[in-house]
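Q: Below are the structure tokens for one structure; questions will follow.
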Amino acid sequence: NAGVTQTPKFRVLKTGQSMTLLCAQDMNHEYMYWYRQDPGMGLRLIHYSVGEGTTAKGEVPDGYNVSRLKKQNFLLGLESAAPSQTSVYFCASATGFVKTQYFGPGTRLLVL
Amino acid sequence: AQSVTQLGSHVSVSEGALVLLRCNYSSSVPPYLFWYVQYPNQGLQLLLKYTTGATLVKGINGFEAEFKKSETSFHLTKPSAHMSDAAEYFCAVSDPRAGTALIFGKGTTLSVSS
């Protein structure tokens, strides 16, 4: 039982490049989330999904797209990376009435 | 709308001293409240949560928090700090409008000196 895993762990992009971050969970959770963490800002919600095939925007969705084609995977895409997207990205999944969230180890992204 | 305020971005204590990390929240519905800890270069780990019922909640590693509705607070405490408690701590409230996503405070870095 690996919990929540994220791929890759670290990536450097040039401005304008695209990439996809992969989040996978093996706990059969319905809900999944993508957050970004910036110094002094805490974590902010980018997008979330309440089930396979569904996605919704969070607090800071601009410049990102997501897909949830399989229940266990939640992909975060950057179509044209910008330096402002330099951040640490965390994925989480949740279950239960309270929807307690379990976090992955994070992906560090540097956009030059 | 839900929001979380953590008072003090940095707290320093001596080993063996009381740890008190402050969190105030705003919520339009009865809140679910959480404390998470983040060690350097790691993900977030759940310390404890409040849903309903008993207002004093015990978590892992000797931490506890008390939900005070009248003060809209959920402060985190530990009677005796250990060096291993040095980390960043986040208070969060669940947002029922956004798939119960978490709204986080900006975090408090705890330093423990010997």
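Here the protein sequences line up with chains Y and P, keeping their order. Counting in our numbering, the first sequence runs from 1 upward without gaps. Counting in our numbering, the second sequence runs from 1001 upward without gaps. A virtual CB, placed ideally from N, CA and C, is assigned to each residue, including glycine.
1) Hey, how far is the Cα of V50(Y) from the Cα of V1013(P)?
2) Which residues mark the beginning and the end of the beta strand (DSSP E) in which A96(Y) is found?
3) Return the CA-CA distance between W1035(P) and P83(Y), expressed in angstroms with no decimal places.
4) At least one CB of chain P closer than 8 Å to the CB of K71(Y): is that the case?
5) So is K1106(P) in contact with chain Y if we call contact Cβ pairs under 8 Å?
6) Hey, is V98(Y)'s beta-carbon within less than 8 Å of any beta-carbon in chain P?
7) Tell me which same chain residues have a C-beta within less than 6 Å of the C-beta of F1067(P), skipping the five on either side of it?
8) For chain Y, is any of its Cβ atoms less than 8 Å away from the one on A1086(P)?
9) Would you list the one or two residues that DSSP bridges to A1101(P)?
10) Could you tell me which chain Y residues have their CB closer than 7 Å to the CB of A1101(P), listed as they occur along the chain?
11) Determine the closest residue to L1110(P) out of Q1045(P), Q1038(P) and G1062(P), with distance taken between C-alpha atoms.
12) For I1060(P), which option in E1071(P), L1076(P) and G1107(P) has the closest C-alpha, if you only look at C-alpha atoms?
13) Are the Cβ atoms of G1043(P) and F90(Y) separated by less than 8 Å?
14) Which word fits M27(Y), buried or exposed, when buried means at least 16 other C-beta atoms lie within 10 angstroms of its C-beta?
15) Relative to the alpha-carbon of A94(Y), which residue among G42(Y), P61(Y), Q37(Y) and N73(Y) has its alpha-carbon at the smallest distance?
16) By a C-beta neighbour count over all protein chains shown, 10 Å radius and 16 as the cutoff for buried, is L21(Y) buried or exposed?
17) Measuring straight from C-alpha to C-alpha, what distance separates K57(Y) and Y1089(P)?
A: By the coordinates alone:
1) 41 Å
2) In the sequence as displayed, the identity of residue 96(Y) is Gly instead of Ala. Unbroken run through G96(Y): none, as it is neither H nor E.
3) If you draw a straight line from the Cα of W1035(P) to the Cα of P83(Y), it is about 31 Å long.
4) no
5) yes
6) yes
7) Here the set comprises Y1050, T1055 and F1074.
8) No, A1086(P) does not count as interfacial toward chain Y.
9) D1095(P)
10) Y33, L45, Y48 and G58
11) Q1038(P)
12) L1076(P)
13) Taking 8 Å as the cut-off, the beta carbon of G1043(P) is found closer than this to the beta carbon of F90(Y).
14) Looking at its Cβ environment, which holds fewer than 16 other Cβ atoms inside 10 Å, M27(Y) is exposed.
15) Considering only alpha carbons, the answer is N73(Y).
16) buried
17) 26 Å
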